[in-house]
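S.K.:
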Amino acid sequence: MKLRKSSIIKAIVFSAITAFSLEYSAAVDWPQQAQTKDDFAVDFARPCGNTFSTGIIFANTDTVKASDTATILLQFEPSDSLSMFDSPLGNAIIAVNEENLMNTYANLDEIKIAKDDYMLVEGEEIAVSGKSGWQKEPWGLEFKIADIQSQTVINPLVLLPKIIETEVPHLYNISLVNKNGLPYNLTQNKALPAGTYNLYFEGYDPQPPFKVTVLINGKEAETITYNMLKKIGRSLFAGGKRNYPFDAIFAGQKKQLLATTSLTKGKTLLVIQSFDLNGNERNISYTLDIY
Numbered sequence: 003m004k005l006r007k008s009s010i011i012k013a014i015v016f017s018a019i020t021a022f023s024l025e026y027s028a029a030v031d032w033p034q035q036a037q038t039k040d041d042f043a044v045d046f047a048r049p050c051g052n053t054f055s056t057g058i059i060f061a062n063t064d065t066v067k068a069s070d071t072a073t074i075l076l077q078f079e080p081s082d083s084l085s086m087f088d089s090p091l092g093n094a095i096i097a098v099n100e101e102n103l104m105n106t107y108a109n110l111d112e113i114k115i116a117k118d119d120y121m122l123v124e125g126e127e128i129a130v131s132g133k134s135g136w137q138k139e140p141w142g143l144e145f146k147i148a149d150i151q152s153q154t155v156i157n158p159l160v161l162l163p164k165i166i167e168t169e170v171p172h173l174y175n176i177s178l179v180n181k182n183g184l185p186y187n188l189t190q191n192k193a194l195p196a197g198t199y200n201l202y203f204e205g206y207d208p209q210p211p212f213k214v215t216v217l218i219n220g221k222e223a224e225t226i227t228y229n230m231l232k233k234i235g236r237s238l239f240a241g242g243k244r245n246y247p248f249d250a251i252f253a254g255q256k257k258q259l260l261a262t263t264s265l266t267k268g269k270t271l272l273v274i275q276s277f278d279l280n281g282n283e284r285n286i287s288y289t290l291d292i293y
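Take the sequence shown: its position 220, counting from 1, is numbered 222 in our numbering, and each next residue is one higher.
(1) Here's the rule I'm using: 16 or more other beta-carbon atoms within 10 Å means buried, otherwise exposed. How should L122 be labelled?
(2) Counting beta carbon pairs with one atom in the region 154–171 and one in the region 181–198, are three or more of them shorter than 8 Å?
(3) Grab me the residues of N280's own chain with a C-beta within less than 7 Å of its C-beta, minus the 5 sequence neighbours each way, in chain order.
(4) Out of P33, R244 and L271, point me to the one whose CA is closest to F145's CA.
(5) Just the C-alpha distance for P195 and P210, rounded to the nearest angstrom, thanks.
(6) Roughly how many angstroms separate the alpha carbons of Q190 and L271, rounded to a whole number?
(7) Across which residues does DSSP place K2 in a beta bridge pair?
(8) Have a look at G220 and L110 and give me their C-alpha separation to the nearest angstrom.
(9) When you measure from the CB of L271 to every non-hydrogen atom of the ligand GDP, does any distance come out below 7 Å?
(10) Three or more C-beta pairs under 8 Å: does that hold for the region 97–110 against the region 44–52?
(11) P2 by DSSP, collapsed to three states: which one?
(12) Taking the beta carbon of P140 as the centre, do at least 16 other beta carbons fall within 10 Å, making it buried, or is it exposed?
(13) Determine whether the beta carbon atoms of A223 and T198 lie at a separation below 8 Å.
(14) Considering only residues of the same chain and omitting the five flanking positions on each side of S276, which have a CB-CB separation below 6 Å?
(15) Tell me the DSSP secondary structure of I115 in three-state form.
(16) Between K256, S131, A240 and D119, which has its C-alpha nearest T65's C-alpha?
(17) Apply the 10 Å Cβ neighbour rule to N282 and answer buried if 16 or more other Cβ atoms are within range, or exposed otherwise.
(18) Identify, in the order they occur along the chain, each residue of the same chain with its Cβ nearer than 6 Å to the Cβ of T56, setting aside the five sequence neighbours on each side.
(19) Counting C-beta neighbours from all protein chains within 10 Å, is the total for Y293 16 or more, i.e. buried, or is it exposed?
(20) Who are G241's beta bridge partners in DSSP?
(21) Can you give me the Cβ contacts of I2 inside the same chain, cut-off strictly under 7 Å, excluding the 5 residues immediately before and after it?
(22) Between A250 and the rest of its own chain, which residues show a CB-CB distance below 8 Å, the 5 nearest in sequence each way excluded?
(23) Is it buried or exposed for A193, if we count other Cβ within 10 angstroms and need 16 for buried?
(24) Who are the near neighbours of V44 in its chain, counting only those whose CB is closer than 6 Å to its CB and skipping five residues on each side?
(25) Consult DSSP for A250 and reduce its assignment to one of helix, strand or coil.
(26) Does T106 pass the burial test, meaning 16 or more other C-beta atoms within 10 Å, or should it be called exposed?
(27) Grouping DSSP H, G and I as helix and E and B as strand, with all else coil, what is D207?
(28) Using alpha carbons as the reference points, say which of E126, D291, T71 and R236 lies closest to K267.
(29) Just to confirm before moving on: does the CB-CB distance between G142 and N62 stay below 8 Å?
(30) Could you work out which residue in N180, V160, L217 and F248 is closest to N200 when comparing CA atoms only?
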């Protein structure tokens, strides 16, 4: 039976807010082919203007397939004159599945489904990506997944089948910055006054970390995981022991936050653990004299 879009939208708007869970009954399939990190031009939760990127952007144009069976909420092109969706998505399809996961397929060059279609069937060809969105380069599909009930944006790579190759990120230019903004590069400074610090890195190779954990003398000070972003009000937050807004994670978009922690007098062993999507780990450690 054909479902009316207005009824679907009303049901979504008035859904009760529930706790977020990644334990869905089935993961989605790849909407566009990808095998390695090089197949992505933009990763999840990276700087995008003054906020986080909320999806992944494929580096190349290609055929786009439905990643999941879902009910179509919207299918639009800039020429549709839908002012509420006057956005950088370009030609796009938005659909929601039975678990209230909303999939957005954006930056589509050609949409292959009919305007009056109301369902996407997993694996069917729905579009060809490229050329219609507001992107810096002629990249491919922009793909987003949102959990409607928990008001979260999910890293698609959490639900998609794992790509064949991932590499553990190497973080560099590690520094502690005190409350007055004075930085201490940990390669050069091993003696620091006691106090509260923000711990940052300034670069990574070859890809950004999926998760970072900071240990102080063996005790976990912070773990920030980029599996989702939580919407609170009009802003998005990355999750750790507390919620971090964009400006806290990316200080001037040059540094990226690892933790906020207090250092007390004495010998201090600071360990930074960085993880890729597949759980592979790389550790960096610093022995500091706190006075």
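Note that CB positions come from ideal geometry on N, CA and C, so glycine has one too.
M.R.: Result, derived from the coordinates:
(1) Taking the first residue of the sequence shown as 1, we reach residue 122 at position 120. Counting Cβ neighbours within 10 Å, L122 comes out buried, since at least 16 surround it.
(2) no
(3) Residue numbering aside, residue 280 sits at position 278 when the sequence shown is read from its first letter. If we look at N280 and ignore the five residues flanking it on each side, its Cβ neighbours are K164 and T168.
(4) Counting from one through the sequence shown, the residue named residue 145 turns up at place 143. The candidate whose alpha carbon is nearest that of F145 is P33.
(5) Within the sequence shown, numbered from 1, the residue matching residue 195 stands at position 193. Within the sequence shown, numbered from 1, the residue matching residue 210 stands at position 208. Spanning the two alpha carbons is a distance of roughly 30 Å.
(6) Residue 190 sits at position 188 when you count from the first residue of the sequence shown. Residue 271 sits at position 269 when you count from the first residue of the sequence shown. Computed Cα separation, rounded: 16 Å.
(7) In the structure as shown, the chain starts at 3 and stops at 293, and residue 2 therefore has no counterpart that could be examined.
(8) Taking the sequence shown and counting its residues from 1, one reaches residue 220 at position 218. Taking the sequence shown and counting its residues from 1, one reaches residue 110 at position 108. Straight-line Cα distance between these residues: approximately 48 Å.
(9) The ligand GDP is absent from the structure shown, which contains no ligands of any kind.
(10) no
(11) Since the first and last residues shown for the chain are 3 and 293, residue 2 lies out of range.
(12) Here residue 140 corresponds to residue number 138 of the sequence shown, with the count starting at 1. P140 comes out exposed.
(13) Position 221 of the sequence shown, counted from the start, is the residue given in the question as residue 223. Position 196 of the sequence shown, counted from the start, is the residue given in the question as residue 198. For A223 and T198, no; Cβs fall outside 8 Å.
(14) Residue 276 sits at position 274 when you count from the first residue of the sequence shown. The residues are P171, L173, P211, V214 and R284.
(15) Sequence index remark: in the sequence shown, residue 115 carries index 113 (1-based). I115: coil per DSSP, three-state reduction.
(16) The residue given as residue 65 occupies position 63 in the sequence shown. Taking only the C-alpha atoms, the option nearest T65 is S131.
(17) Taking the first residue of the sequence shown as position 1, residue 282 is located at position 280. With fewer than 16 other Cβ atoms within 10 Å, it is exposed.
(18) Working through the sequence shown from its first residue, we reach residue 56 at position 54. Around T56: K146 and V155.
(19) Indexing the sequence shown from 1 puts residue 293 at position 291. With fewer than 16 Cβ atoms within 10 Å of its Cβ, Y293 is classed as exposed.
(20) Counted from its first residue, the sequence shown places residue 241 at position 239. T227 and N245.
(21) This structure does not reach residue 2, given that the chain is present from 3 up to 293, and the question cannot be answered.
(22) In the sequence shown, counting from the first residue as 1, residue 250 sits at position 248. Contacts found: L259.
(23) Taking the first residue of the sequence shown as position 1, residue 193 is located at position 191. Exposed, since its Cβ has fewer than 16 Cβ neighbours within 10 Å.
(24) Here residue 44 corresponds to residue number 42 of the sequence shown, with the count starting at 1. Excluding positions up to five away in sequence, the list reads S55 and I59.
(25) Stepping through the sequence shown from its first residue, residue 250 is reached at position 248. Helix, per DSSP.
(26) The sequence position of residue 106 within the sequence shown is 104, counting from 1. Buried, by the Cβ-count rule.
(27) On the sequence shown, position 205 is the one that residue 207 refers to. Looking at D207 - three-state DSSP - the assignment turns out to be strand.
(28) In the sequence shown, residue 267 corresponds to position 265, counting from 1. Comparing Cα-Cα distances from K267 to each of E126, D291, T71 and R236, the minimum goes to D291.
(29) Your numbering for residue 142 matches position 140 in the sequence shown. Your numbering for residue 62 matches position 60 in the sequence shown. Their beta carbons are under 8 Å apart, which means G142 touches N62 by this criterion.
(30) Position 198 of the sequence shown, counted from the start, is the residue given in the question as residue 200. Nearest of N180, V160, L217 and F248 to N200, Cα basis: N180.
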